[in-house]
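Letter 111 of the sequence shown, counting from 1, is numbered 140 in the numbering used here, and no numbers are missing.
Yeah, the Cβ is synthetic: ideal placement off N, Cα and C, and Gly gets one too.
Since we're looking at a predicted model, the values are computed, not measured.
Below: one structure, written as structure tokens.
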Amino acid sequence: MNEKEMIEEIQRLKKEKNAVILAHNYQIPEVQDIADLVGDSLKLSQEASKTEADVVVFAGVHFMAESAKILSPDKKVLLPVYDAGCPMADMVDAESLRIFKKEYPDIAIVCYVNSSAEVKAESDICCTSSNALKIVKSLKKDKILFVPDQNLGSYIKEQVPEKEIILWEGYCITHHRVKSIEVSAARKGHPDALVLAHPECTKAVVEKADFVGSTAQIIEYAKQSAHKKFIIGTEMGVLHQLRKDNPDKKFYLISPALTCYNMKKTSLEDIYNALKSEQYEIKVEEEIRERAFFSLDQMLKTN
Ligand code: SF4
């Protein structure tokens with residue numbers, strides 16, 4: 030089957046199974062182009078829960094498909110590549126949080142959505158990189174454990190000095206490896222460009238940025254800005270959307286290291302196989318799903 034035939038087959042199967050295809054901004058361009066919705070993980074899960082689809086194909090990583098299942102328990106949620114995971118989400122586990130809570134019973138646990146359903150279930154509230162500051166500020170408790178991203182956590186911590194925030198030592202292996210010296214080099218190469226960075230980057234990188242925001246906020250900022258050139262400090266998959274939205278603007282990546290291997294695992298063929306064989310179904314135990322839903326819902330109510 031050539032690519033054109035495969036795309037036709039995907040469209041046919043999508044209708045036959047009443048499916049919706051979601052693609053994260055970090056997916057390869059071909060996968061983004063075939064998707065019904067492209068965006069960040071939470072927005073996609075929220076949108077999917079509003080559709081009448083019976084099947085959700087989530088081109089992303091495991092925790093994203095889990096979030097879709099948490100919000101849409103009656104839909105069949107499929108992750109096209111079984112081992113597409115997130116190393117950062119795997120850096121924290123539910124058992125460690127239970128131990129922590131026993132030792133510090135009065136602490137509030139804020140968990141970044143880039144985490145497993147079990148971790149969300151042990152947390153008081155979730156947050157995204159867009160709303161983390163608002164969520165942390167909204168909490169009545171002054172002592173907070175922020176999991177799993179130490180970089181996002183430390184970015185928020187600096188802005189809320191009145192609270193005691195303990196940081197879990199997790200990090201996104203993709204954003205964390207960008208070096209501050211690479212920002213300086215990119216600026217030297219493109220002196221008239223603005224640097225837009227994700228808060229999953231280290232403090233040394235974020236401090237050198239002109240704008241710090243989530244993937245969705247970076248896309249919006251570039252669209253609204255009168256500037257014509259941008260140096261991007263988030264996963265390279267976002268360049269596809271940025272260039273589509275802004276054909277008259279130029280985008281450069283801070284570093285080629287901004288490539289998430291797990292996000293690049295899903296091909297068009299995987300989407301086709303997912304629809305054809307209804308694989309790989311994501312299941313979340315109901316008791317965990319309800320508690321994880323509570324943490325997500327607390328966030329949505331605060332948002
Ligand atoms: S970019 Fe980072 S946080 Fe996102 S899936 Fe890859 S490793 Fe995980």
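{"Asked": "Do Val90 and Asn302 have their CB atoms nearer than 8 Å?", "Found": "no"}
{"Asked": "On the DSSP bridge assignment, give the partners of Ala137 in chain order.", "Found": "Ile173"}
{"Asked": "Since Lys149 and Glu310 should fall inside the 8 Å C-beta cutoff, what is the C-beta to C-beta distance between them, to a whole number of angstroms?", "Found": "Incorrect: roughly 19 Å between the Cβ atoms, too far for contact."}
{"Asked": "With contact counted as at least three CB pairs below 8 Å, one residue from each stretch, are the segment 257–264 and the segment 67–78 in contact?", "Found": "no"}
{"Asked": "In whole angstroms, give me the CA-to-CA distance for Lys44 and Val84.", "Found": "10 Å"}
{"Asked": "Just reading off the alpha helix (DSSP H) that Tyr184 is part of, what are its end residues?", "Found": "179–188"}
{"Asked": "Please report the residue range of the alpha helix (DSSP H) in which Ala52 lies.", "Found": "Looking at the DSSP string, Ala52 is not in any alpha helix (DSSP H); the run it does join, the beta strand (DSSP E), is 48–53."}
{"Asked": "Take the Cβ of Tyr55 as the centre, count every other Cβ of all protein chains shown within 10 Å, and call the residue buried at 16 or more, exposed below.", "Found": "buried"}
{"Asked": "Identify the continuous alpha helix (DSSP H) that holds Leu268 and give its terminal residues.", "Found": "267–274"}
{"Asked": "Taking the alpha helix (DSSP H) that Gly218 belongs to, which residues open and close that run?", "Found": "209–218"}
{"Asked": "For Ile311, does the three-state DSSP call read helix, strand or coil?", "Found": "coil"}
{"Asked": "Helix, strand or coil: which one does DSSP assign to Tyr290?", "Found": "coil"}
{"Asked": "Around the ligand SF4, what residues have a beta-carbon under 7 Å from a heavy atom of it, in chain order?", "Found": "Tyr55, Val90, Cys115, Pro116, Met117, Ala118, Asn143, Cys201, Ile202, Thr203, His204, Glu229, Glu264, Cys289, Asn291, Met292"}
{"Asked": "Locate the alpha helix (DSSP H) running through Tyr301, then write down its first and last residues.", "Found": "297–306"}
{"Asked": "Below 8 Å CB to CB, which residues in the same chain sit around Tyr250 once its five sequence neighbours on both sides are set aside?", "Found": "Leu225, Phe240, Gly242"}
{"Asked": "Near Ala245, what residues of its chain come up, given a Cβ to Cβ distance below 6 Å and the 5 sequence neighbours on each side ignored?", "Found": "Asp69"}
{"Asked": "By the 10 Å Cβ neighbour count, where 16 or more other Cβ atoms means buried, how is Asn143 classified, buried or exposed?", "Found": "buried"}
{"Asked": "Here's the rule: buried if 16 or more other CB atoms are within 10 angstroms of the residue's CB, otherwise exposed. What is Lys169?", "Found": "exposed"}
{"Asked": "Work out the CA separation of Ala52 and Gln327 for me, nearest whole Å.", "Found": "25 Å"}
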